[in-house]
Amino acid sequence: MNVMFLCLENVCRSPLAEGVLKKMYSENGIKGIVESAGFESFNINDCPDERAAKVAALHKIDITSKRAKLFSEEDFDRFDHIYVMDLKSMQDVKDFARGEHDLNKVDYLMNLIEPGKDLSIADPYEKGFDECEKVFELIEKACKAITQKAILD
2 MNVMFLCLEN VCRSPLAEGV LKKMYSENGI KGIVESAGFE SFNINDCPDE
52 RAAKVAALHK IDITSKRAKL FSEEDFDRFD HIYVMDLKSM QDVKDFARGE
102 HDLNKVDYLM NLIEPGKDLS IADPYEKGFD ECEKVFELIE KACKAITQKA
152 ILD
């Protein structure tokens with residue numbers, strides 16, 4: 002199962018999600034492409050936010066080699082599921098959709114934890130370490146659900 006995570010800048014939430022799910026896939030012998038991207042071009046090729054990298058490292062996940070990149074229309078062809086972190090990312094990804102088939106691949110990441118509520122995961126950028134850790138915990142919970150689904154498929 003190929004999965005993409007999206008957030009605004011691709012430097013905090015989505016790189017964390019990418020790192021978490023890659024680790025879970027590896028630990029469970031699951032094959033699939035896991036990537037993340039964003040919508041803002043001013044961070045292209047930037048490293049993940051240092052707080053996000055630090056939180057990941059505390060959980061034995063290295064995201065320091067990740068570089069921010071932009072979402073593209075072609076990503077709909079490469080990924081089975083595309084998870085967004087917030088309303089803005091949902092609106093942005095819908096602008097790229099070529100039709101219902103593309104839209105059916107998109108959902109809020111939080112819907113894996115609280116189905117149908119379309120909740121956002123707050124952006125911890127420019128916030129403290131504790132906020133970043135809370136975001137990590139939500140992402141980890143959602144990634145466990147993705148992993149379980151991949152195991153059953």
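Each position in the sequence shown, counted from 1, maps to that position plus 1 in the numbering used here. Virtual Cβ for every residue (Gly too), placed ideally from N, Cα, C.
Asked	Found
What is the DSSP secondary structure of PHE43, reduced to helix, strand or coil?	helix
What does DSSP give as the partner residue(s) for ILE83 in the beta ladder?	MET5 and VAL107
With respect to the alpha helix (DSSP H) encompassing GLU141, which residues constitute its N-terminal and C-terminal limits?	130–153
I need the boundaries of the alpha helix (DSSP H) containing GLU51, first residue and last residue.	51–59
Please state if the CB of PHE40 and the CB of LEU9 are separated by a distance shorter than 8 Å.	yes
When you compare only the Cα positions, how much space is there between LEU139 and LYS24?	16 Å
Under three-state DSSP, which class holds MET71?	The residue you asked about is not Met; residue 71 is Leu in the sequence shown. LEU71: strand per DSSP, three-state reduction.
Thinking C-beta only, is ILE122 closer than 8 Å to LEU110?	yes
Around the Cβ of HIS102, are there at least 16 other Cβ atoms within 10 angstroms (buried) or fewer (exposed)?	exposed
Cβ of ALA57 within 8 Å of Cβ of ASP63?	yes
Please name the residue in LYS61, ARG79 and LYS106 whose C-alpha comes closest to that of VAL35.	ARG79
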